[in-house]
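Some notes on the structure that comes next.
There are 2 protein chains.
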Amino acid sequence: MIGIFDSGVGGMTVARAVEQVLPQRSIVYFGDVARTPYGSKSPETIQRYACQNTEFLLDKGAKLIIIACNSAASVAGDLLKKKYDVPIIEVISPAVKLATQKSRLGRIAVIGTRATINSKVYEKNISDLRPEATVFSQQCPLLVPLVEEGWLHKRETKMILRRYLHPLKVQSVDTLVLGCTHYPLLRHLIEPRIGAGVTVIDSSLAVAHELDEYLTKRPAFADTLSTSSTTHYYVSDRTETALNTAQRIFDRPVDLQQVSVTG
Amino acid sequence: MIGIFDSGVGGMTVARAVEQVLPQRSIVYFGDVARTPYGSKSPETIQRYACQNTEFLLDKGAKLIIIACNSAASVAGDLLKKKYDVPIIEVISPAVKLATQKSRLGRIAVIGTRATINSKVYEKNISDLRPEATVFSQQCPLLVPLVEEGWLHKRETKMILRRYLHPLKVQSVDTLVLGCTHYPLLRHLIEPRIGAGVTVIDSSLAVAHELDEYLTKRPAFADTLSTSSTTHYYVSDRTETALNTAQRIFDRPVDLQQVSVTG
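Sequences listed follow chains A and B, in order.
Numbering follows this note's numbering, in which position 7 of the first sequence is assigned residue number 11; successive positions increment by one, without gaps.
Numbering follows this note's numbering, in which position 48 of the second sequence is assigned residue number 52; successive positions increment by one, without gaps.
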């Protein structure tokens, strides 16, 4: 069983990508809808929540954890790796690796929530892999609410995106990392606005490919994972917005079970 | 001590109004920033949080509680009144009373978060006081994020407001209730868009006047309240956004103390 958690249902873009890349694997997903968004919370609070979410997934039989939340990955990734005995894969490193490989000129842009951008985790990781690269970061706090409202084609969303992307565009970036799991749902608006010459890196797809590679290299461990291809979706609050966003991601209704994880 | 709680710092517009109307009263405020927003959460979750917040304020010496959060007032107001022995005043009834008094034609509009509007609490309360009135409700889920970003003068905010207010305007409403404590910060944009003939009711000011009236009628109880005119602001997470929004509300830096209320 592969455990995936996110601050809400945005991380289901990771679950969707894992289903595409590894259709035979069973997944248990936890979305912390009751305490969403993490992006505006302090590092200490995010760390506490990340531990509770991980323990919930381990209880449900997860043998590997994917942190499908950029805010949690950036401030709680190291803590979870130290604290728990199972492999922890997070959404940041795979996207960073891909971005540093694909960028021709080393001019890499990253967009994300306030917490992710303020943590400078993308800048640090990119400069570790490619020290001469220049990273341009932009916080985009309104994109998650816009996605969760389903405003995926509205004029205001396009204008707000233009406002966020303009400072990156004038810097002639050649690669743009979508540093938040909600953003793949806006890819159709982001690509034309950032420009045709810019490679867009979807962190959800990148993490699914990283998982595939990880399991291929460790066949004995991979054999311990169930291959029933079942998926269970749990949330800490079964809201109308969560159900609608989940349906938007999978293009079909998704059954969300409500559970409590505070502890 | 007057206790005031909200899901975040938006309820500080109520604290600000109480300071204006009753400058000699001391206030203890709790903003549940770690779990904000309540507007998108289920009624059961909001009720649990409202009880924890109330108990925190009682522990701090509050003798009267103001629920300065429309979402909590609409789904947890009755529960708190039954469960606790102190007077509970919430933001909804005072605004409803004022709206039904001021409306000439009985065409009353209410704007609020998804939870507040879905609860139909304004419609029910208005029709109790003025059965022939027609209520037009509009959920405006993007306004809180826009206020918290400080986008109080941006073109996108004006366009989004126009989109939300247009269906109310074509109904020729004569009164508009700001059914969320964040919205007074957008009053300068709302008034010109809804039209000069429409009376705008600020629920934060309405609740402060209700409190004044309550204490004037009960001088013995009012005497038991401290008159040191001190104010303590507590939050469950001391974020950059919370500090900025608080400063925007009071037009000066506000000292926010971080506390934990989960229990």
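Built from N, CA and C at the ideal position, the CB exists for glycine as well.
Member of the options whose CA lies at the smallest distance from the CA of residue i
{"i": "Y33/A", "options": "G43/A, L62/A, P41/A", "result": "L62/A"}
{"i": "S123/A", "options": "G183/A, R134/A, A66/A", "result": "G183/A"}
{"i": "V25/A", "options": "Q142/A, D216/A, Y53/A, L165/A", "result": "D216/A"}
{"i": "T245/A", "options": "K86/A, T161/A, E153/A", "result": "E153/A"}
{"i": "H186/B", "options": "T40/B, I130/B, S131/B, Y88/B", "result": "T40/B"}
{"i": "K67/A", "options": "G81/A, T49/A, I93/A, S75/A", "result": "I93/A"}
{"i": "A250/A", "options": "G35/A, M5/A, I6/A, V22/A", "result": "G35/A"}
{"i": "R20/B", "options": "Y237/B, T49/B, K64/B", "result": "Y237/B"}
{"i": "K101/A", "options": "K86/A, D132/A, P91/A", "result": "D132/A"}
{"i": "Y88/B", "options": "H170/B, E59/B, W155/B, G201/B", "result": "E59/B"}
{"i": "R134/A", "options": "T117/A, W155/A, R118/A, R111/A", "result": "R111/A"}
{"i": "I198/B", "options": "V211/B, L180/B, V263/B", "result": "L180/B"}
{"i": "V151/B", "options": "V263/B, L247/B, R52/B", "result": "L247/B"}
Buried versus exposed call for residue i [16 or more other C-beta atoms within 10 Å across all chains shown]
{"i": "R256/A", "result": "exposed"}
{"i": "S233/A", "result": "exposed"}
{"i": "H157/A", "result": "exposed"}
{"i": "P196/A", "result": "exposed"}
{"i": "A98/A", "result": "Before going further, note that residue 98/A is Pro rather than Ala in the sequence given. P98/A should be labelled buried."}
{"i": "Q143/B", "result": "buried"}
{"i": "R191/B", "result": "exposed"}
{"i": "S107/B", "result": "buried"}
{"i": "E214/A", "result": "buried"}
{"i": "T220/B", "result": "exposed"}
{"i": "L147/B", "result": "buried"}
{"i": "Q175/B", "result": "exposed"}
{"i": "K45/B", "result": "buried"}
Assigned secondary structure, residue i (DSSP; H/G/I helix, E/B strand, else coil)
{"i": "E217/B", "result": "helix"}
{"i": "V204/A", "result": "strand"}
{"i": "Y42/B", "result": "coil"}
{"i": "L109/B", "result": "coil"}
{"i": "E160/B", "result": "helix"}
{"i": "L68/A", "result": "strand"}
{"i": "Q175/B", "result": "coil"}
{"i": "H192/A", "result": "helix"}
{"i": "E94/B", "result": "strand"}
{"i": "T58/B", "result": "helix"}
{"i": "T17/B", "result": "helix"}
{"i": "T249/A", "result": "helix"}
{"i": "S230/B", "result": "coil"}
{"i": "Q143/B", "result": "strand"}
{"i": "Q51/A", "result": "helix"}
{"i": "H236/B", "result": "strand"}
{"i": "D63/B", "result": "helix"}
{"i": "D10/A", "result": "strand"}
{"i": "Q24/A", "result": "helix"}
{"i": "V114/B", "result": "strand"}
{"i": "L165/B", "result": "helix"}
Cβ-Cβ distance between residue i and residue j below 8 Å
{"i": "S240/B", "j": "V37/B", "result": "yes"}
{"i": "D10/B", "j": "C73/B", "result": "yes"}
{"i": "I96/A", "j": "A113/A", "result": "no"}
{"i": "A13/A", "j": "P47/A", "result": "Going by the sequence as given, residue 13/A is Val instead of Ala. No, the Cβ-Cβ distance between V13/A and P47/A is not below 8 Å."}
{"i": "P27/A", "j": "P149/B", "result": "no"}
{"i": "I70/A", "j": "L84/A", "result": "no"}
{"i": "L172/A", "j": "F140/A", "result": "yes"}
{"i": "V265/B", "j": "N57/B", "result": "yes"}
{"i": "I205/A", "j": "E160/B", "result": "no"}
{"i": "I130/A", "j": "Y168/A", "result": "no"}
For residue j and residue i, believed in contact at Cβ under 8 Å, the rounded distance
{"i": "G15/A", "j": "T120/A", "result": "Their Cβ separation, rounded to whole angstroms, is 13 Å, which puts G15/A and T120/A out of contact at 8 Å."}
{"i": "L17/B", "j": "I194/B", "result": "Reading off the sequence, residue 17/B comes out as Thr, not Leu. Not really, about 14 Å apart at Cβ, beyond 8 Å."}
{"i": "R29/A", "j": "L229/A", "result": "6 Å"}
{"i": "M5/A", "j": "G65/A", "result": "5 Å"}
{"i": "V211/A", "j": "V177/A", "result": "Not a contact, Cβ separation roughly 22 Å."}
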